[in-house]
Amino acid sequence: DMKVTQMPRYLIKRMGENVLLECGQDMSHETMYWYRQDPGLGLQLIYISYDVDSNSEGDIPKGYRVSRKKREHFSLILDSAKTNQTSVYFCASRTGRGGQLYFGEGSKLTVL
Amino acid sequence: AQKVTQTQTSISVMEKTTVTMDCVYETQDSSYFLFWYKQTASGEIVFLIRQDSYKKENATVGHYSLNFQKPKSSIGLIITATQIEDSAVYFCAMREGTGNTRKLIFGLGTTLQVQP
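First to last, the protein sequences are chains B and S.
Quick note on numbering: the first sequence equals residues 1104 to 1215 in the working numbering.
Quick note on numbering: the second sequence equals residues -5 to 110 in the working numbering.
Quick look at the structure:
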């Protein structure tokens, strides 16, 4: 069953705390993505990972970093979270060249 | 730089009618892939349909079809015989086919409401 799983689904943190969002996929897809979604701004690309330890900045990487030590697992890390990082974060993985993305269910982060 | 624009913020239609959602894109690449995704009220984002730039035939999947007008850099989504459950936000997206980047860039979305 093709599935992208995100944990946690909901998270509340205080400003300055560290945040770890985790994403797993069971399809052995090479390429994985992290997006954030905000009202009126659509889906904005934070980072792309082409495979293990092969990551590239997207359009809004500032304030984020990623880790991919296993093909099936891709983490998004916020060191010292800020209130403007309150958002819904989506992880996705892609099948083949030109293939469609499979999205996780999203992780809603609130930074107080 | 690539860009995807959806000019319709929201559309309301009656059930069982046909709706078309517009999308225009910008790219310098000769090879690219175009996608439509649907986001339901629960937040779930699912892939609907895809068009490869080198294909002249419009893609069709179920009651979704595309109107690909390459000279106009346009990829419209057509939903025929709309159903209440088609109510959602629809995103157009593009990925360039060459180069090292594998960015998939999304438009801002069109909210579709299907009325009974």
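By construction, the Cβ of each residue, glycine as well, lies at the ideal position given by its N, Cα and C atoms.
- Proximity of residue 1151 of chain B and residue 1179 of chain B at Cβ, strictly below 8 Å: In the first sequence, counting from the first residue as 1, residue 1151 of chain B sits at position 48. In the first sequence, counting from the first residue as 1, residue 1179 of chain B sits at position 76. Taking 8 Å as the cut-off, the Cβ atoms of residue 1151 of chain B and residue 1179 of chain B do not count as close.
- Verify the CB distance criterion: does residue 1109 of chain B have a CB-CB separation below 8 Å to chain S? In the first sequence, the residue the question calls residue 1109 of chain B occupies position 6. Not an interface residue.
- Who are the near neighbours of residue 78 of chain S in its chain, counting only those whose CB is closer than 7 Å to its CB and skipping five residues on each side? Taking the second sequence and counting its residues from 1, one reaches residue 78 of chain S at position 84. Cβ neighbours of residue 78 of chain S beyond the five flanking positions: 9, 108 and 110.
- Message: Helix, strand or coil for residue 1163 of chain B? Go by DSSP, reduced to three states.
- Response: Here residue 1163 of chain B refers to the residue found at position 60 when the first sequence is read from its first residue. Residue 1163 of chain B: coil per DSSP, three-state reduction.
- Item | Beta-carbon proximity of residue 1194 of chain B to residue 1153 of chain B, cut-off 8 Å | As a first step, residue 1194 of chain B must be located in the first sequence, where it is residue number 91. As a first step, residue 1153 of chain B must be located in the first sequence, where it is residue number 50. 8 Å or more divides the Cβ of residue 1194 of chain B from the Cβ of residue 1153 of chain B.
- Rounded C-alpha distance that separates residue 1117 of chain B from residue 61 of chain S: Here residue 1117 of chain B refers to the residue found at position 14 when the first sequence is read from its first residue. Here residue 61 of chain S refers to the residue found at position 67 when the second sequence is read from its first residue. Each residue's Cα considered, the two are about 47 Å apart.
- Measure the alpha-carbon distance for residue 100 of chain S versus residue 1141 of chain B and round it to whole angstroms. To locate residue 100 of chain S, count along the second sequence from 1; it is residue 106. To locate residue 1141 of chain B, count along the first sequence from 1; it is residue 38. Residue 100 of chain S and residue 1141 of chain B: Cα-Cα distance of roughly 13 Å.
- Query: With C-beta atoms as the reference, is residue 47 of chain S less than 8 Å away from residue 25 of chain S?
  - Reply: Mapped onto the second sequence, residue 47 of chain S falls at position 53. Mapped onto the second sequence, residue 25 of chain S falls at position 31. Result yes, Cβ atoms of residue 47 of chain S and residue 25 of chain S sit closer than 8 Å.
- Query: Alpha carbon to alpha carbon, what distance is there between residue 1189 of chain B and residue 59 of chain S?
  - Reply: Taking the first residue of the second sequence as position 1, residue 59 of chain S is located at position 65. Taking the first residue of the first sequence as position 1, residue 1189 of chain B is located at position 86. Approximately 36 Å, taken between the alpha carbons.
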